[in-house]
Every structure is written in C-alpha cells, then in structure tokens.
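Just so you know, UniProt numbering puts 66 at position 66 of the sequence shown, and the rest follows in order with no gaps. Beta carbons are placed, not taken as given, at the ideal position from N, Cα and C, and that holds for glycine. Report on the structure given below.
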Amino acid sequence: IILLRNIDPANGLCNGTRLVVRGFQKNAIDAKIVVGQHFGMRVFLPRIPLCSSDDDMFPFSFKRKQFPVRLSFAMTINKSQGQCLPA
1 IILLRNIDPA NGLCNGTRLV VRGFQKNAID AKIVVGQHFG MRVFLPRIPL
51 CSSDDDMFPF SFKRKQFPVR LSFAMTINKS QGQCLPA
C-alpha cells in the first residue's frame, strides 16, 4: 500500500511511504515500512477523519473516517524520481 497523508514524519509515515500490510483491525492497519531509513519498522495506521471541502454546494458538511492509504502494485516514473532503493 502507499500512504496518502503525513501522519508521523519523524517515524517515516509521510505521504508516499510504501508499506506492506501485516493485518487489519477495526480502527487500524498493522503494516511494515518497506523503503527508506525506517525500513522494516512495524507501524499502525489509524483511521483519520476527512471532511468535505466543497461547503458551497450543501448547507451541511460531510464527515467520515477512513484509512489514508491506497492499494499499490506499481509506481510511475514520476513518483519514483529521487528515491534511493536498497541494492
């Protein structure tokens, strides 16, 4: 999976971080970081609240909780530029 939000940059949980899922819980994903300085670190990704940004269309706001991740099998050339990969 790939992380879509900056959750904890000091511990390697930044936008674009690639992870492998180890397990699911009701409100968290158990994952392992597979790139960078924090390679191999076990982390838990919480569900985070997301609010609608289009407040002009409706007189009320939408709010939901979701995991800030996306399924990722491959990466584009643009996304991979500037990365250092282990040999």
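(request) Take Lys65 as the anchor and find which of Thr76, Met75, Pro49, Phe73 has the nearest alpha-carbon. (result) Pro49
(message) Between which two residues does the beta strand (DSSP E) holding Cys51 run?
(response) 48 to 51
(request) Report the residue from Gln37, Leu13, Cys51 whose alpha carbon sits nearest the alpha carbon of Phe60. (result) Cys51
(request) Under the assumption that Leu13 contacts Val69 (Cβ atoms under 8 Å), give the Cβ distance between them as a whole number of angstroms. (result) Actually they do not touch by this definition, with Cβ atoms about 11 Å apart.
(message) Which same chain residues end up closer than 8 Å to Lys32 when comparing Cβ atoms and leaving out the 5 residues on each side of it in sequence?
(response) Leu19, Val20, Arg22, Gly40, Met41, Arg42, Val43
(request) Measure from the alpha carbon of Met75 to the alpha carbon of each residue in Asp8, Gly16, Ala10, then state which is nearest. (result) Gly16
(request) Would you decide whether Leu45 is buried or exposed? Buried here means 16 or more other CB atoms lie within 10 Å of its CB. (result) buried
(request) Could you tell me which residues DSSP puts in a beta bridge with Asp8? (result) Leu13
(message) Please classify Ile77 as buried or exposed, where buried requires at least 16 other C-beta atoms within 10 Å of its C-beta.
(response) exposed
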